[in-house]
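See below for the structure under consideration.
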Amino acid sequence: RTYQRAMGTGSPLENDKRWTYSYNNQGDQAMVIYEEWMGNSWLDAFRQSWSYDGQDRLVEQLGQVWTGSEWVNSRRRTWEYDANSGALRTIINQIWSDGIQDWVNVFRRDYLSTGPAWTNIRTQLWNENLGDWENFERELLDYSATFQLNFRTLERWENDEWVPLYRGGYEFDGETMNSLWDKWDESAGEWNLSRRYQKVYDEGGREVLSLGWQTWDEGAGIWENDTTTVRFTHFWSEQTISSTAEAPVRIDCRIPNPHTPGIPFFCEQLEAGQTYQLVLSDLLGRPVSSQQVSGGAEWTLPINASAGMYVLSIREGHHLRFAQKIVLIP
């Protein structure tokens, strides 16, 4: 991937930046090298590599900088999994210390569960003076009986106890998806309205209205828009072709949005045991991950997907059964 730019109006395009990608035999991304154009040649600047275990699970992400003569460690992230279930348990971030020539802890995130889904995602910071981990934040997750996410609560560690900060809930009535966020009022000891966003779908599952984020004005008692409201109008034509099978109908698959990879979700109207392709793509349409899934089962998105906006699609053969923009958060 190469970026070029012109120095001014009418000037020719000149090389600026370049990213080179490589993959392992399983098709997983193994390395990306970032280069900058200097004079008349490309010069190395930074590279990032990924390592996987025997089960094709991500275990290390390593960042290195080019000094002009060699690659030097900069930062890394490691993944640890439960020996029995194989579920993600811990992610640790570290930076390289030239002084001691070793990795130094920065923060870690532990994924705790009492069943098939995470119920507690805890973040801890490394205290260099104590040589130990200290609590920082945690996110509590609550699910319905079918393991759809009901709400998530963010808490901060203060004065040796967990203090509530925000609570976000999700609900869908078949037409409108709402996400409502409350803020904890410490003095009153209660939750107060804070923010919300809303999306509306038509009977075909197509998005027709996105209100974006709104903030609650306590004094006026109204919701005020933070972003532009977007309305969608869909046009299509129909024709009858008798020589081919009828395309399957679009499915109902409501995922809490924003979404944390690794949290299971369920798509209705899919034939149990039927194989589908679950694809996560960036906004340029480039696949980030692709996996075969079965109807009637719970699915999860790859835990190593970076935070950001993506397009999630589900295909049955050549037919698109579902597509939705989705924001992934840690």
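7 is the number of the first residue of the sequence shown in the numbering used here; add one for each residue after it. Where a beta carbon is used, it is the ideal one built from N, C-alpha and C, also for glycine.
Do the stretch 273 to 283 and the stretch 299 to 314 touch if we need at least three Cβ pairs shorter than 8 Å? yes
Boundaries (first-last residue) of the beta strand (DSSP E) holding L186: Here residue 186 refers to the residue found at position 180 when the sequence shown is read from its first residue. Taken as a continuous stretch (DSSP letters only), the beta strand (DSSP E) holding L186 covers 182 to 191.
Three-state class that DSSP yields for N141 in the structure shown: Walking along the sequence shown from the start, residue 141 turns up at place 135. N141: strand per DSSP, three-state reduction.
Proximity below 8 Å, CB of W139 to CB of R173: Within the sequence shown, residue 139 is the residue found at index 133, counting from 1. Within the sequence shown, residue 173 is the residue found at index 167, counting from 1. No, they are not a contact pair.
By the three-class DSSP mapping on this structure, what secondary structure does M44 have? Taking the first residue of the sequence shown as position 1, residue 44 is located at position 38. DSSP places M44 in strand when its eight states are reduced to three.
How many Å lie between I39 and R81 at the Cα? Taking the first residue of the sequence shown as 1, we reach residue 39 at position 33. Taking the first residue of the sequence shown as 1, we reach residue 81 at position 75. Their Cα atoms are separated by approximately 15 Å.
Which value, in whole angstroms, describes the spacing of the CA atoms of L160 and L131? On the sequence shown, position 154 is the one that residue 160 refers to. On the sequence shown, position 125 is the one that residue 131 refers to. So the alpha carbons of these two residues sit roughly 16 Å apart.
Can the beta-carbon of V333 be found closer than 8 Å to that of L289? For the purposes of this step, residue 333 is taken as residue 327 along the sequence shown, with counting starting at 1. For the purposes of this step, residue 289 is taken as residue 283 along the sequence shown, with counting starting at 1. No; because the gap between Cβ atoms is not below 8 Å, this pair is not in contact.
Grab me the residues of G69's own chain with a C-beta within less than 6 Å of its C-beta, minus the 5 sequence neighbours each way, in chain order. Taking the sequence shown and counting its residues from 1, one reaches residue 69 at position 63. Cβ within range, chain order: Q54, S80, R81.
Any idea which residues DSSP pairs T281 with across the strands? Here residue 281 refers to the residue found at position 275 of the sequence shown. According to DSSP, T281 bridges with S300.
With a threshold of 8 Å between beta-carbons, can R212 be considered close to chain B, or not? Here there is only one protein chain, and chain B is not present.
What are the start and end residues of each continuous alpha helix (DSSP H) run of 4 or more residues lying completely inside the stretch 75 to 118, in chain order? none
The beta strand (DSSP E) enclosing A329, as first and last residue numbers: As a working mapping, residue 329 is identified with position 323 in the sequence shown. It spans 325 to 334 - the beta strand (DSSP E) in which A329 sits, taken as one unbroken run.
Bounding residues of the beta strand (DSSP E) (the contiguous stretch that carries I127): On the sequence shown, position 121 is the one that residue 127 refers to. I127 -> beta strand (DSSP E) spans 124 to 133.
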